[in-house]
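Let me begin by presenting the structure, written as structure tokens, before commenting on it.
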Amino acid sequence: LLTLRTKLSSQEIQQFAMLLHEYRNGASIHEFCINLRQLYGDSRKFLLLGLRPFIPEKDSQHFENFLETIGVKDGRGIITDSFGRYKRTMSITSNSTTNGNGAAGSSDDQSVPSEGDEWDRMISDISNDIEALGCSMDHDSL
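Take any residue in the sequence shown, note its place counting from 1, add 342, and you have its number in the numbering used here.
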């Protein structure tokens, strides 16, 4: 949130909050990426790396392709990237474990969704904070 406040104007934060809200409520990842690109522009496109934790697994490949297309290279966000790879590796491991022996795989399958649920809750809380920040800045400008 601090990065957003220092790099985006209050109007841009409101616009970002609106885009994030629309994406969380069913807008396509493609539409989200196009709108983010317009909002951030060339000079701030590196900030898009910080959005990786907010992108669900199902849309992560599209988002990574988008970053590559606009020339954003990974020089920061290593922790986020490593976490993303770790999660993907875990799901592959859990699938092979399930195929190997159902009993152990079944307990793995139950733990993965709970980790995912916790992650979703955390991202949802942060997203709500960003949306609230956008609303509070809207009221401040009145």
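Backbone N, C-alpha and C fix where the C-beta goes; we use that ideal spot for every residue, glycine too. Given the structure is predicted, the values throughout are model-derived calculations rather than measurements.
Would you mind sorting residue i into buried or exposed? The rule is 16 or more other CB atoms within 10 Å of its CB.
i, result
"I397", "buried"
"L344", "exposed"
"I355", "buried"
"K400", "exposed"
Taking the alpha helix (DSSP H) that residue i falls in, what are its first and last residues?
i, result
"S352", "S352 to R366"
"S402", "E399 to T411"
"F374", "I371 to Y382"
Anyone know if the C-beta pair for residue i and residue j falls short of 8 Å?
i, j, result
"L381", "F358", "yes"
"N377", "L393", "no"
"R379", "S469", "no"
Give me the residue from the options with the minimum Cα distance to residue i.
i, options, result
"K498", "V414, R347 and L350", "Nothing about residue 498 can be reported from this structure: the residues present for the chain run from 343 to 484 only."
"Q403", "H363, R347, D384 and I371", "I371"
"D467", "H363, L350 and F405", "H363"
"F405", "D471, G383, I472 and C375", "C375"
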